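See below for the structure under consideration.
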């Protein structure tokens, strides 16, 4: 229990930085010249994988945590893996080449596609792709113009956590951390990353419909200014921002924070039992990771085999459980006993999640008459919000 | 044989001896400090490619202009300066009586024990100490519990918490030079002052303080400079507070904008240079 959570923290903290770190992603160019494979040939013998810590475990970190050896035995593809700390690091490593497979978060995927560093994936070749939840397939962070660029791995939502002894009545809306935040002044907490601006935008979608926000990652200047103003107002009531999940666990256990953004795994780790999490009625932001294949892969066959293997119910269940997130495979829950906590497969639940996507100048909601605020501006604004 | 020949060769050549001794450390100092600082200065005038996040060698003054004109950086600089100044004052005020007691009142045995007591916290990890303060300052922490009977509450996480924690962290660095300063004040001067009719207060103000002033300034350099660059403490006990170090950290880590981070880091470097230049004139650097 301790180990997965510790790893989760590492990766999650890092993910936040990573999402945050994409200074500006270019426009995803369609018509990439990297063609998807048409068949899986013989195994090349090795496959080189670049992934978040905790995604490719062969037992060398913890003898009981191993889902790589089975793959190696079944396919005779020897796995060589490397972990990365931020999406920027991953991007640079992918540029330097030498990797066949990469596990990328929503903020990295479009950049890899735009730079032709990954190729389209012929999902027909993957037996287990069918078992992946439909609501995770062909999304704006893992496909371009209907062409799939990878296999979804795991996902989760940024939920609202509250202290049941202090926050009464039980909140159903993000209202408690925005317009009514002053009720809990000094004990409100928020996620410390520019991507958190999207949380304010999700709230504004419901509460300020006149702004016309249709996607929290596609904000024009006015919409962006409204979100920033909301966060500046919120800041007056914020006790502290968190990016280290252990800090948030401690703050909720001690009562320093009583309401704010959280992850399911944090709720699972809190021992005092006086906290609840809720997916508020406005919806929430969240993350979804994708397995992709490098366009210059030296072992494309082994790469396809890995994508197929990691999407298989058992491997997917083991890897996502170890990490602390919902699996992408429908049948994975047969191999996990904590699926309910992560709302795995709950499509209605998942449809309320706005998965992290990099804000770019070319609005991701398809608007062409305005220019959206890009990530570099989000980062700057976040510093100004914190003041 | 070879060793003998080498020493025979070097014996009459003093300059060569000195050169041999100093080349490595001076080169190290030059590379690590001077060249690194120069590189930082230059990086501040470069730019970042928006798509790839790579640093591009394309000269621009945008970063520096932004840092010196935007309100955010002004606010954060003033806040950081205020915190560093408060920490310095608090540490000096605590350190003077402690150091005086150690140097002039305590017996040799007690003095050694006190020196060990002052230095002992330096053996503990910085993070452990800051997280201990996080627990102390917490809503259900020791400070709130101890203050409750007197109607006091914990200051919680924020600027006050940062000042308290940093004051604690840097106190040994301030006590030690001041202790050394007091140690250098001959006891007979105090006796002479008393013989001439000066009371304790006057002796302290007119005789002792002028003599230990360089030591106080030396101690203040530690507290001030260390506070100016800190960003971890403020992240743990600072609540929503940002200091200059946090802005640098965000731009390196999250924003991946190294040139802007370099430009921001010029602010504390500039402040420290001004501070050291002012201190140099007092002669305090000699007593470090």
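Chains as they are written, first to last, in the working numbering: chain A, 730 to 1116; chain B, 2 to 289. The C-beta atom is built at its ideal place from N, Cα and C for all residues, glycine as well. Everything numeric in this text was worked out from a predicted model, so none of it was measured.
CA-to-CA distance, residue j to residue i, given in whole angstroms
i                       : j                       : result
residue 95 of chain B   : residue 940 of chain A  : 56 Å
residue 897 of chain A  : residue 127 of chain B  : 39 Å
residue 825 of chain A  : residue 265 of chain B  : 30 Å
residue 960 of chain A  : residue 967 of chain A  : 10 Å
residue 1115 of chain A : residue 241 of chain B  : 7 Å
residue 8 of chain B    : residue 102 of chain B  : 50 Å
residue 237 of chain B  : residue 247 of chain B  : 12 Å
residue 1101 of chain A : residue 232 of chain B  : 32 Å
residue 129 of chain B  : residue 144 of chain B  : 18 Å
residue 758 of chain A  : residue 954 of chain A  : Note that residue 758 of chain A has pLDDT 37, beneath the 50 cutoff, so the model's placement of it is unreliable and no number is given.
residue 33 of chain B   : residue 228 of chain B  : 22 Å
residue 1089 of chain A : residue 837 of chain A  : 12 Å
residue 44 of chain B   : residue 781 of chain A  : 30 Å
residue 1003 of chain A : residue 141 of chain B  : 15 Å
residue 909 of chain A  : residue 903 of chain A  : 9 Å
residue 1117 of chain A : residue 25 of chain B   : What the structure shows of chain A is the stretch from 730 to 1116, and residue 1117 of chain A is not part of that stretch, so it cannot be assessed.
residue 184 of chain B  : residue 171 of chain B  : 21 Å
residue 1075 of chain A : residue 777 of chain A  : 33 Å
residue 213 of chain B  : residue 1087 of chain A : 58 Å
Nearest to residue i (by Cα), restricted to the options the options
i                       : options                       : result
residue 243 of chain B  : B/34, B/82, B/61, B/44        : B/82
residue 984 of chain A  : B/139, B/151, B/41            : B/139
residue 226 of chain B  : B/12, B/276, B/195            : B/276
residue 133 of chain B  : B/6, B/234, B/25, B/261       : B/234
residue 938 of chain A  : A/922, A/956, A/925           : A/956
residue 863 of chain A  : A/1080, A/1105, A/831, A/1091 : A/1080
residue 210 of chain B  : B/100, B/112, B/49            : B/100
residue 1103 of chain A : A/791, A/1045, A/923, A/974   : A/923
Beta-carbon contacts of residue i that lie in its chain and below 6 Å, excluding the five residues immediately before and after
i                      : result
residue 78 of chain B  : 268
residue 178 of chain B : 216, 219, 220
residue 249 of chain B : 262, 265, 266
residue 952 of chain A : 940, 942
residue 761 of chain A : Any answer about residue 761 of chain A is weak, because its pLDDT of 41 lies below 50 and its placement is not dependable; what the coordinates show is given next. Here the set comprises 845.
residue 47 of chain B  : 56, 58, 260
Residue-chain proximity (residue i, chain A), Cβ-Cβ < 9 Å
i                      : result
residue 135 of chain B : yes
residue 77 of chain B  : yes
residue 140 of chain B : yes
residue 251 of chain B : yes
residue 73 of chain B  : yes
residue 143 of chain B : no
residue 157 of chain B : yes
residue 258 of chain B : yes
residue 240 of chain B : yes
residue 84 of chain B  : no
residue 290 of chain B : As displayed, chain B neither begins before 2 nor continues past 289, which places residue 290 of chain B out of reach and without an answer.
residue 94 of chain B  : no
residue 269 of chain B : no
residue 179 of chain B : no
residue 167 of chain B : no
Minimum Cβ-Cβ distance from residue i to chain B less than 9 Å
i                       : result
residue 835 of chain A  : no
residue 884 of chain A  : no
residue 1081 of chain A : no
residue 1112 of chain A : yes
residue 757 of chain A  : Note that residue 757 of chain A has pLDDT 36, beneath the 50 cutoff, so the model's placement of it is unreliable and the number below is only indicative. False, the Cβ-Cβ gap to chain B never drops below 9 Å.
residue 969 of chain A  : yes
residue 827 of chain A  : no
residue 928 of chain A  : no
residue 1105 of chain A : yes
residue 993 of chain A  : no
residue 983 of chain A  : yes
residue 989 of chain A  : no
Run of the alpha helix (DSSP H) containing residue i, from where it starts to where it stops
i                       : result
residue 68 of chain B   : 63–70
residue 934 of chain A  : 926–936
residue 184 of chain B  : 160–185
residue 1069 of chain A : 1068–1071
residue 951 of chain A  : 950–964
residue 810 of chain A  : Residue 810 of chain A -> not in any alpha helix (DSSP H); beta strand (DSSP E) instead, spanning 807–812.
residue 977 of chain A  : 974–983
Close beta carbons around residue i, own chain, < 7 Å, minus the five adjacent residues each side
i                      : result
residue 978 of chain A : 995, 998, 999
Beta-carbon proximity list for residue i, same chain, < 8 Å, skipping 5 on both sides
i                       : result
residue 164 of chain B  : 84, 87, 88, 91
residue 1083 of chain A : 927, 931, 944, 945, 946, 1012, 1013, 1014, 1015
residue 861 of chain A  : 880, 881, 1040, 1057, 1058, 1059
Terminal residues of the beta strand (DSSP E) in which residue i lies
i                       : result
residue 1022 of chain A : 1013–1023
residue 892 of chain A  : 888–892
Near the ligand ATP: residue i beta-carbon under 8 Å from a heavy atom
i                     : result
residue 48 of chain B : Here there are no bound small molecules, and the ligand ATP is not part of this structure.
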